[in-house]
Amino acid sequence: MSENINFNIAELAEKIASSLEQSIEDAVEIAVTDAVESSVESVVSDAVDSIVSESVAEAIRECFERFDFKLPDGTVVVCKKYMKLLSPSKTKQLLCYGGLRVDGKSLMVQTRISCWEEIATYSSKEEAKEALLKVKSAIDSGLETFEL
Numbered sequence: 010m011s012e013n014i015n016f017n018i019a020e021l022a023e024k025i026a027s028s029l030e031q032s033i034e035d036a037v038e039i040a041v042t043d044a045v046e047s048s049v050e051s052v053v054s055d056a057v058d059s060i061v062s063e064s065v066a067e068a069i070r071e072c073f074e075r076f077d078f079k080l081p082d083g084t085v086v087v088c089k090k091y092m093k094l095l096s097p098s099k100t101k102q103l104l105c106y107g108g109l110r111v112d113g114k115s116l117m118v119q120t121r122i123s124c125w126e127e128i129a130t131y132s133s134k135e136e137a138k139e140a141l142l143k144v145k146s147a148i149d150s151g152l153e154t155f156e157l
């Protein structure tokens, strides 16, 4: 029992609390670091995948745009031409990949494989639909440029 005479409960509690506090800080730091690294890796991976796929598609399109070739069965392969579309305000010209949609009162144009941009906003959904049909007709007729 003489050993316990010099035993200081407050000092022991302080050491335990300090050790526990340090362990919690270390665990939180590791968890936050892991979460941030995982989020950054995911965002970067998605961005790189998107950029690479669109760049490759664009490079292939540009390469084949210059060349027409014939298959052994006689079929002539011609790269699809994309139409340039000028906004009604003449402030925006977009390369239309062929995708068009009406989103509320806005006419949206597919400008890349996975990218849509608004080219114009109309006073009603019906006007936006009419504009879509005009652009569709221009694409179907093979125009290289079209003004809304």
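If you count the sequence shown from 1, position 134 lands on 143 in our numbering, and the numbers rise without skipping.
Each residue gets a CB set at the ideal place from its N, CA and C atoms; glycine is no exception.
Item                                                                                      : Value
Cβ pair residue 137, residue 101 closer than 7 Å                                          : no
Terminal residues of the beta strand (DSSP E) in which residue 101 lies                   : Here residue 101 belongs to no beta strand (DSSP E), and DSSP marks it neither H nor E.
Residue 109 burial status per 10 Å Cβ neighbour count (16 or more: buried)                : buried
Simplified DSSP state of residue 185, which is helix, strand or coil                      : Residue 185 is absent from the structure shown; the chain starts at 10 and stops at 157.
Endpoints, the alpha helix (DSSP H) within which residue 149 is located                   : 134–149
Length of the line joining the Cα atoms of residue 33 and residue 25                      : 12 Å
Assigned secondary structure, residue 154 (DSSP; H/G/I helix, E/B strand, else coil)      : strand
Cβ-Cβ distance between residue 156 and residue 95 below 7 Å                               : yes
Exposure of residue 21, with buried meaning 16 or more beta-carbon neighbours within 10 Å : exposed
Residue 114, DSSP secondary structure in three states                                     : coil
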